[in-house]
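S.K.:
Protein chains: 4
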Amino acid sequence: MTTTEWDASSLTRRFDEVRAHTEMLAAPLSPEDQTVQSMADVSPTKWHRAHVTWFFETFVLAENEHGFAPFQDKYWFLFNSYYEAVGPRFSRADRGVITRPGAHDVGVYRGNVDDRVRGLLAGLDSGTVEKLTPTIELGFHHEQQHQELLLMDIKHVLSMNPMRPVYAGAPDPHTDPDALGWVDVAGGLVEIGHDAGSFSFDNELPRHQTWLEPYRLADRLVTNAEWLEFMADGGYERSEFWLSDGWARVKAEGWQAPFYWEQLDGVWFEHTLHGTWPVNPGLPASHLSHYEADAYATWAGKRLPTEAEWEHGVVADGQAADDRVVGNLANTESFHPRAAQPGAGALRQVYGDCWEWTSSAYLAYPGFHPAEGAIGEYNGKFMSNQMVLRGGCALTPPGHARATYRNFFPAGSRWALSGVRLADGGAPSQPKASTA
Amino acid sequence: MTTTEWDASSLTRRFDEVRAHTEMLAAPLSPEDQTVQSMADVSPTKWHRAHVTWFFETFVLAENEHGFAPFQDKYWFLFNSYYEAVGPRFSRADRGVITRPGAHDVGVYRGNVDDRVRGLLAGLDSGTVEKLTPTIELGFHHEQQHQELLLMDIKHVLSMNPMRPVYAGAPDPHTDPDALGWVDVAGGLVEIGHDAGSFSFDNELPRHQTWLEPYRLADRLVTNAEWLEFMADGGYERSEFWLSDGWARVKAEGWQAPFYWEQLDGVWFEHTLHGTWPVNPGLPASHLSHYEADAYATWAGKRLPTEAEWEHGVVADGQAADDRVVGNLANTESFHPRAAQPGAGALRQVYGDCWEWTSSAYLAYPGFHPAEGAIGEYNGKFMSNQMVLRGGCALTPPGHARATYRNFFPAGSRWALSGVRLADGGAPSQPKASTA
Amino acid sequence: MTTTEWDASSLTRRFDEVRAHTEMLAAPLSPEDQTVQSMADVSPTKWHRAHVTWFFETFVLAENEHGFAPFQDKYWFLFNSYYEAVGPRFSRADRGVITRPGAHDVGVYRGNVDDRVRGLLAGLDSGTVEKLTPTIELGFHHEQQHQELLLMDIKHVLSMNPMRPVYAGAPDPHTDPDALGWVDVAGGLVEIGHDAGSFSFDNELPRHQTWLEPYRLADRLVTNAEWLEFMADGGYERSEFWLSDGWARVKAEGWQAPFYWEQLDGVWFEHTLHGTWPVNPGLPASHLSHYEADAYATWAGKRLPTEAEWEHGVVADGQAADDRVVGNLANTESFHPRAAQPGAGALRQVYGDCWEWTSSAYLAYPGFHPAEGAIGEYNGKFMSNQMVLRGGCALTPPGHARATYRNFFPAGSRWALSGVRLADGGAPSQPKASTA
Amino acid sequence: MTTTEWDASSLTRRFDEVRAHTEMLAAPLSPEDQTVQSMADVSPTKWHRAHVTWFFETFVLAENEHGFAPFQDKYWFLFNSYYEAVGPRFSRADRGVITRPGAHDVGVYRGNVDDRVRGLLAGLDSGTVEKLTPTIELGFHHEQQHQELLLMDIKHVLSMNPMRPVYAGAPDPHTDPDALGWVDVAGGLVEIGHDAGSFSFDNELPRHQTWLEPYRLADRLVTNAEWLEFMADGGYERSEFWLSDGWARVKAEGWQAPFYWEQLDGVWFEHTLHGTWPVNPGLPASHLSHYEADAYATWAGKRLPTEAEWEHGVVADGQAADDRVVGNLANTESFHPRAAQPGAGALRQVYGDCWEWTSSAYLAYPGFHPAEGAIGEYNGKFMSNQMVLRGGCALTPPGHARATYRNFFPAGSRWALSGVRLADGGAPSQPKASTA
């Protein structure tokens, strides 16, 4: 990983901000809401709150606090997510059977670790701060990832409930789609990947050369209105648009529309964190699997961008040059992607609406080395059977997204807040049966 | 079903008692505890609290309250357990994903229905009381069944938690087993089944003749000490003791001891509602499947009683003659079976310790007719692939057990509070491979 | 078990007959037909042919042949069905992956064991013959059971093939149902079970008393025409007719008609060993689960008989008095149940058409003791989660059926040649929701 | 796809060669052997023989033969593998339940189609030959792919059999591993992919530029001796070497050694088509999943090559320059990888021993377009959740391998004849936890 430069007091200030943001997101949720795991991929809210705390306790306090003892021996076991090197851990699929510690007890745990981290930072010399910075900063970004997941997960939990509960807020007014434009990119022998000077995960490294043929990127995401056209044209009934694995899922799981859509008396509704509302045509189509994204692109006679095309295109468009660290600054009010604002000649909806599926498998960059120790399990061991998504989404916390960020999910995942930006031109086109 | 005679005020008084008992049992449980469903057989505490309320709302208020409207339309759907005739219902296995209504909201629902039932009863003439009595009294016994299930279910929920949470109370002191005696029963052409004059479920009817060869019943339940002998003699490793289906489960699920036992540093511990404690040798072995009960009996050179043998034996022993309605009067303090009290010549531990597996399949009595309407789904449709248990257990609420009561579970069930009483003599012996 | 009296030459003659019958049944089947296992319940034809041979090798030759050595060491492992006491065995569900020994090799194995058994019998004194008779006679009946299974199993194998292959023969001409009559039976304290003097399995023992209320039995099986009425009246769509487990299967597996029925252009066809033909209205409805049999009886306002009612009724009707050993004498020509012959006042279609589901669970008779040794695994260990069927069917070999015979299958089984005879009167009626 | 130039008579001669090779491979297999499907991935031998015939019937005869009628209507359905555009097809996982047509009938089908294809070719003018060439040549390569699969599949079928059957031949004598050397490659902006002038599949196209850092390739495959070292060092017990998905498989399926290895009395044996023999240390380790290949590389401090590195390295090494079409010329005698021949400075075991796992996901090349029509389903729709393998193996038929060939399997597949060649240097290293 790479890191930013920090002093102890700015580290502490940032620590407080990040920790407070998690609690703000959990605040609208009852103890019951915070307990449930609605499917294996989902974790309970209170588990997220505890796990990010465990991360600081394990990787910061355990090795640096004088006379360290865990807050609770068994939390060590309960709140380890997947770090084999840290020891045995509680089964992921059973996180939802743990009723104690409850939501309140997790708050007590958070308070305890917060105090101890603050105490640790207060007493350090600058050399030790420098040594600890990479892990603490990783803890910030780790907690932000879980902030995003917390929202995706509680969205799923609430979606299972026929009472149609609301997390917060109200939906956007009806909007019609703005026209789709294209941004041309020249390609050539370009560089992608992070180049240090600020924080990055290890999987964004090293910065390296890659060859791109000329291509173009759509200037906004595919809209709900366009998705309805795809559906009306038999999108979910015609195998010729689909990857074989995708078609098998369509049949096995009866996909007929995006994940959170439901037809009531002939009208399509969408479950959102703001409640269940009629599908809004101007908003980005969201909660799509890679298979759906790819099938849509094939139907549209276009393709998905590679991750290199996405990153180079965004940087070339000037959206990462002077502001490498961006995010959804407004996400304390709205928890759903919004309509593209009118505009032309530049990419829109890059970071704050939907994670964008690429056509790239999630694999190591040339020369990649995972970090040393248990932290090395953070990214590398998941480089198998997943696809890269780029950008960010309406649930991404402020200051968390950047152009080089590599998000990843299995191709069949739908509960993440994902969407589609089309590409066209020299690079790979549709990897499946011709529609001719 | 058969019923007792009631007037409106005694019905109301009993209604209040039964309803209050449920809330007393739920009181030690947090909102998180009340939300979780740890396996498909288990229901969340707050679901139990709501479902028994739905039962009164559906079967008492809906047809008799002037200007009836459901408290909440969707509760109709959420809290129906299995009544096809009442309409569609929420998937049983997904009860644990419902976070709203929460534990508090369920309390509000209970209060509302309580008030309306009391109001209804206050305004009725005696003819209408008589007409409603069977359904209301069924509602009492239905709620009592769920009181027992609530405790069995929360025991399972808490057992999944490595924090080893305690529901309430403290375990009994170490006791050694009392000697086992036998009670002889003559048999002949006897009568079993309920004979009216007080409440019974439809499956206890009609009272009818059956032929029994002479037999004898053990005067107490099999103890933990005896179960340890069975284990030490290879009970879980030797196929010759087991029914074929049972042996398949032993292998598939790795059974090595009763359901809630766990070996720590060479010592067997048992999870109870009072916490996790070393196995107490004088207490009844409990949380056993029918397969284990049957294998134990084969190992011991004995057999399980038929349900007719059990019922006739208990009645002949004088334990149902003058007190047809019995139960675990003390179960507000202890939630675990207790050691048999010294004594001789009569059956011990009949109603208040463990439900006792019989060798009888759960089938209709000769001449059985299910009740009319949706209530007819209460018992009859489950007469398939289940075995009968008789008696009662430490979790059975006061006034709920009786000699003719037919409980039933699939042969592989282990989360119910079940135990073993041996039989011997003229009737069926071991239905599997000889141990010779 | 009980046995008939035999001398060595009549034993040898019978041995030759039984062994030849198996080969005659396998003769129309190609090596490919004989190899396939189309579901876990089904065994390949060549496995049946080898397993019954293994039975004689293991239980007759191994203990009695001078200088015994197995024909092939690994056959010992491959062709053991379920005898734990004999040692490890090949996984049941994987019988269909064994291509060698092939059909021809199995013939060689059969010939070898045949010669050795004949040689053994030729050299025995009469005392040893008497000692071996029970096992050899069990071997006859065991092989006959597999003759029946071989046909049920190959019927299933061929049914999976869209080429619609024919095993043999041609279907019966179209017939209309004969009128249904009823036979009254007085009941009382009756005896059932086998009473020695000829062969029986251990599960038919001991003969014992049981009490029966007066009842009546339908004089023929339910017909296809009647089943079509049940279907037309929503039989597979109305939960009120069904046991809860049965209804769950209807929904999970999409049952809409008997197992081997298929609708083509609005006409119902049935797969038979004679090919696929339009459903013949006068023939017995067949290949039904216990759940379907029970649902039909409920729909018809009747019930299934208990096994005691069936046996006592058949004997009282004079159909087992002078001819205890009966069977489908003509089953070398026809492999499908046939229409009831006109007639009145007596039970029809008792042994040669369809195994008849009863309402009795398969459990031990009072005083039952399994046979000693590995043979004791034959029946007893399966007394769990199965229902009793009585009579015999069109695939039952000559001389194999009798009034006391207890066949058994899980309630959801449909590939066996099963049908429905209704009962009415004093004994148990519908064990599920009222249809009122 | 790209094609070679052919005239009608050379096409016919090649057709005869390819078709005869399939029958030669099937010749040692009995009808029983040819019928069985031992897991969903495996197809029966007679299905392979029929399917490749169906391919010629469907794609060559149906559109070009005057008065075409299918040989058998239902073969159209039975022998379609995965072409959605051709119509419904028989379930892949159930291929093993089809006993008719049998092995002999499939031979008749083959003969019929052979005659008709020869007849068609005999009557064509050269323009039509040119038009048909791409499809006919694809048919050759398609049949060759199935020749390889036929052998991989029957190897699996026979491996399930405790009789330890032999397909053919005898194993190689014991050999010790030859020393491992390395071949350096300069990298830079290189070209990969097929460049026309001879046959290729569509997925090898288009030829395109890609950037490679300098790297080196092992000059031979990893040996059994080396694999035993990996095992001895806890290779299958230490999570730090494994991708997360791989580790989950290790635990779920109990992997402890390569797929076909079995330990008997402390000695490792390997199931081969030549029988079961002690593991031969000098031979390539084979039948490994991508997960195992990757874990081994991590353990060894090396990595797998990307597919671009593999292809460019092999071509740079001079092994594809003058002989683009290569293969296992001797595979009519040996069906197992052989020891690397001593030698230095050049790559060994490139085409005829084991398919070599790369670190590249199977995705579209930049600018890829699938072929038009149903043939377009050949490759493109499988570009998801698979990894690329390069080279060829001991089961690859003569003339089938080439440097640009992209084979692909899911990362967990083990029944294919796969092995490991290590890479090192500038490109991606271990994508998982550090072993430090």
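Chains as they are written, first to last, in my numbering: chain A, 27 to 462; chain B, 27 to 462; chain C, 27 to 462; chain D, 27 to 462. Heads up, the beta-carbon is just placed ideally off N, CA and C, and yes, glycines get one too. As the structure is a computational prediction, the values presented were derived from the model and not from experiment.
Go to D/ALA387, then tell me how far its beta strand (DSSP E) extends in each direction, as first and last residue.
M.R.: 381–387 is the extent of the beta strand (DSSP E) around D/ALA387.
S.K.: I'd like to know whether the C-beta atoms of A/PHE166 and A/THR28 end up nearer to each other than 8 Å.
M.R.: Cβ atoms of A/PHE166 and A/THR28: not closer than 8 Å.
S.K.: Since A/GLY402 sits in a beta bridge, which residues does DSSP pair it with?
M.R.: According to DSSP, which records beta bridges pairwise, A/GLY402 is partnered with nothing at all.
S.K.: Tell me the DSSP bridge mates of B/SER444?
M.R.: DSSP output for B/SER444 lists B/TRP381 as bridge partner(s).
S.K.: Using a Cβ-Cβ cutoff of 7 Å, what residues of the region 44–67 of chain A are near chain B? List them in chain order.
M.R.: Of all residues in the region 44–67 of chain A, SER56, PRO57, GLU58, ASP59, THR61, VAL62 and SER64 have a Cβ within less than 7 Å of some Cβ in chain B.
S.K.: Going along the chain, which unbroken runs of the alpha helix (DSSP H) with 4 or more residues stay wholly within the region 30–57 of chain C?
M.R.: Taking only runs of at least 4 residues, the alpha helix (DSSP H) segments lying wholly in the region 30–57 of chain C are 34–52.
S.K.: Run through DSSP, which three-state label would B/THR249 get?
M.R.: DSSP places B/THR249 in strand when its eight states are reduced to three.
S.K.: Just how far apart, CA to CA, sit C/ALA427 and C/LEU314?
M.R.: Looking at the two C-alpha atoms, the distance is approximately 20 Å.
S.K.: Nearest-angstrom Cα distance between C/GLN173 and C/SER444?
M.R.: Taking the straight line from one Cα to the other gives about 16 Å.
S.K.: Touching or not, the region 430–447 of chain D and the region 242–255 of chain D, by the rule of three or more beta carbon pairs under 8 Å?
M.R.: Yes, they touch.
S.K.: If I measure Cβ to Cβ from A/VAL183 and keep anything under 6 Å in the same chain, skipping five residues before and after, which residues do I get?
M.R.: Contacts found: VAL62 and SER64.
S.K.: Against chain B, with Cβ distances strictly below 8 Å, would C/THR236 count as a contact?
M.R.: Interface residue, yes.
S.K.: Could you confirm whether any beta carbon from chain B is found closer than 8 Å to the beta carbon of C/LYS277?
M.R.: It does not; no Cβ of chain B falls within 8 Å.
S.K.: For the region 254–263 of chain D and the region 215–231 of chain D, state whether three or more C-beta atom pairs, one from each stretch, are separated by less than 8 Å.
M.R.: Verdict: no, contact absent.
S.K.: So, for B/GLY438: in the same chain, excluding its five sequence neighbours on each side, which residues have a beta-carbon less than 7 Å away from its beta-carbon?
M.R.: Correct list, in chain order: ARG275, SER315 and TYR317.
S.K.: If you draw a straight line from the C-alpha of A/GLN235 to the C-alpha of A/LEU389, how long is it?
M.R.: One C-alpha to the other measures close to 16 Å.
S.K.: From C/PRO191 to C/THR48, what does the alpha carbon distance come to, in whole angstroms?
M.R.: Going by the C-alpha atoms only, they are around 21 Å apart.
S.K.: DSSP three-state label for D/ARG428, please.
M.R.: In the structure shown, D/ARG428 sits in coil (DSSP, three-state: anything other than H, G, I, E or B).
S.K.: Would you give the residue range spanned by the alpha helix (DSSP H) that B/HIS77 belongs to?
M.R.: Where B/HIS77 is concerned, the enclosing alpha helix (DSSP H) stretches over 71–82.
S.K.: Please check if any C-beta of chain A sits within less than 8 Å of the C-beta of D/SER117.
M.R.: Not one chain A Cβ lies under 8 Å of D/SER117.
S.K.: So the candidates are D/GLY113, D/ALA319 and D/PRO203; which of them puts its Cα closest to the Cα of D/ALA400?
M.R.: Ranking the options by Cα distance to D/ALA400, first place goes to D/GLY113.
S.K.: So, is the C-beta of A/ALA365 closer than 8 Å to a C-beta in chain D?
M.R.: For A/ALA365, the answer is no, since every Cβ of chain D falls outside 8 Å of its Cβ.
S.K.: Assign D/ALA17 to buried or exposed, taking buried as 16 or more other Cβ atoms, counted over all protein chains shown, within 10 Å of its Cβ.
M.R.: Only positions 27 to 462 of chain D appear in the structure, and residue 17 of chain D is not among them; the question remains open.
S.K.: Compute the Euclidean distance between the alpha carbons of B/THR488 and B/ARG432, then round it to the nearest angstrom.
M.R.: With chain B covering 27 to 462 only, the question about residue 488 of chain B has no answer from this structure.
S.K.: Do you know whose CA, among A/ASN229, A/THR125, A/LEU147 and A/HIS92, lies nearest A/TYR391's CA?
M.R.: Out of A/ASN229, A/THR125, A/LEU147 and A/HIS92, A/ASN229 has the C-alpha closest to the C-alpha of A/TYR391.
S.K.: Under 8 Å, Cβ to Cβ, is there at least one residue of chain C near B/ASN411?
M.R.: It does; some Cβ of chain C falls within 8 Å.
S.K.: For A/PRO363, count neighbouring C-beta atoms within 10 Å of its own C-beta (all shown protein chains included) and say buried if the count is 16 or more, exposed if not.
M.R.: A/PRO363 comes out buried.
S.K.: Pick out the complete alpha helix (DSSP H) segments inside the region 210–260 of chain B, 4 residues or longer, and give them in chain order.
M.R.: 250–258, all fully within the region 210–260 of chain B.
S.K.: Can you check DSSP and say which residues form a bridge with C/GLU279?
M.R.: According to DSSP, which records beta bridges pairwise, C/GLU279 is partnered with nothing at all.
S.K.: Between the region 71–85 of chain A and the region 37–52 of chain A, do at least 3 Cβ pairs fall closer than 8 Å?
M.R.: Result yes; three or more Cβ-Cβ pairs closer than 8 Å.
S.K.: For C/LYS157, count neighbouring Cβ atoms within 10 angstroms of its own Cβ and tell me buried if that reaches 16, exposed if not.
M.R.: Looking at its Cβ environment, which holds fewer than 16 other Cβ atoms inside 10 Å, C/LYS157 is exposed.
S.K.: Under a CB-based cut-off of 8 Å, is B/PRO114 close to chain C?
M.R.: Not an interface residue.
S.K.: Give me the subset of the region 395–427 of chain C whose CB atoms are less than 8 Å from a CB atom of chain B, sorted by chain position.
M.R.: Taking 8 Å as the Cβ-Cβ cut-off against chain B, the residues of the region 395–427 of chain C that qualify are HIS395, PRO396, ALA397, GLU398, GLY399, ALA400, GLY402, GLU403, GLY406, LYS407, PHE408, MET409, SER410 and ASN411.
S.K.: Go ahead and pull the three-state DSSP assignment for A/GLY272.
M.R.: Helix at A/GLY272.
S.K.: Once you ignore the five residues that flank C/ALA319 on each side, which residues in its own chain have a CB closer than 7 Å to its CB?
M.R.: Cβ within range, chain order: LEU330, TRP383 and VAL446.
S.K.: Taking Cβ-Cβ distances shorter than 9 Å, what residues in chain C pair up with B/GLU239?
M.R.: Under the 9 Å cutoff, chain C gives HIS234, GLN235, PRO392 and GLY393.
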